[in-house]
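Every letter in the sequence shown is one number past the one before it in numbering that gives the first Met the number 0, and letter 58, counting from 1, is 57.
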Amino acid sequence: MRGFVIFLLVIAVMASFSFVAANISTDKKETKQETKEFEFNTFTSAVCDNSQDFVLLANILFQSSKKTDIFKEAGRVLKKGGTMIVIDWKKGTGGFGPPEGRRTDEVEMTSLVDKKDFVFKNKLDAGQFHYGLVFTKE
0 MRGFVIFLLV IAVMASFSFV AANISTDKKE TKQETKEFEF NTFTSAVCDN
50 SQDFVLLANI LFQSSKKTDI FKEAGRVLKK GGTMIVIDWK KGTGGFGPPE
100 GRRTDEVEMT SLVDKKDFVF KNKLDAGQFH YGLVFTKE
């Protein structure tokens, strides 16, 4: 049932994140961009407790103001000994990707993970613009 994890992440993110919708219009006189932020507050995945071996949180946490809730949900559904991998945008890598203010650096992201549920294992090389963190559920 490892493929089911993807469903969990979609539900978790849909349930607790904000995103920016942009309306970009161009005409010959000016370019106008309007943005609006939306926040979803319902947080439920309907996945059984301690039922998953692996949770992958890739490029989604920068969108959420409720990162700790997402980590708690990952801890709830992961089996003891299960793995959680976090991949997100590095700070200070330039204009590619989300705005700098939406990014969380590795140290802060690691501090948001509940130390009662997870043990930090190692970093992953996720490329020039991302970092990767590996945690195991105790």
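Quick reminder that beta carbons are idealized off the backbone N, C-alpha and C, glycines included.
{"Asked": "A57: first and last residue of the uninterrupted alpha helix (DSSP H) it sits in", "Found": "Not the alpha helix (DSSP H): A57 falls in the beta strand (DSSP E), residues Q51 to A57."}
{"Asked": "Proximal residues to A11 (C-beta, below 7 Å), its chain only, five neighbours per side dropped", "Found": "Confidence at A11 is low in this model, with a pLDDT of 45, below 50, so its placement is unreliable and the value that follows should be read with caution. Only S44, I69 and E72 meet the Cβ criterion."}
{"Asked": "3-residue-minimum beta strand (DSSP E) runs that sit fully inside the stretch 54–133, ordered along the chain", "Found": "77–88 and 117–123"}
{"Asked": "Reduced DSSP secondary structure (H/G/I, E/B, other) of F37", "Found": "Confidence in F37 is poor, its pLDDT being 48 and thus under 50, which makes the residue's placement unreliable; the coordinate value appears in the next sentence. Three-state DSSP puts F37 in a strand."}
{"Asked": "CA-to-CA distance, P98 to K65, given in whole angstroms", "Found": "18 Å"}
{"Asked": "Cut-off 8 Å between Cβ atoms - residues of its own chain near G131, not counting five sequence neighbours on either side", "Found": "I84, V85, I86, K122, L123, D124 and A125"}
{"Asked": "Length of the line joining the Cα atoms of E49 and T82", "Found": "In the sequence as presented, Glu is not what sits at residue 49; that position holds Asn. Spanning the two alpha carbons is a distance of roughly 12 Å."}
{"Asked": "Straight-line Cα distance separating D113 from V106", "Found": "13 Å"}
{"Asked": "Test item: CB-CB of K90 and Q51 under 8 Å", "Found": "no"}
{"Asked": "Separation of G100 from G142, as counted between CA atoms", "Found": "Nothing can be reported for residue 142, as the shown portion of the chain is limited to 0 through 137."}
{"Asked": "8 Å Cβ shell around T135 - same chain, five flanking residues per side excluded", "Found": "G80, G81, T82, M83, F117, V118 and K120"}
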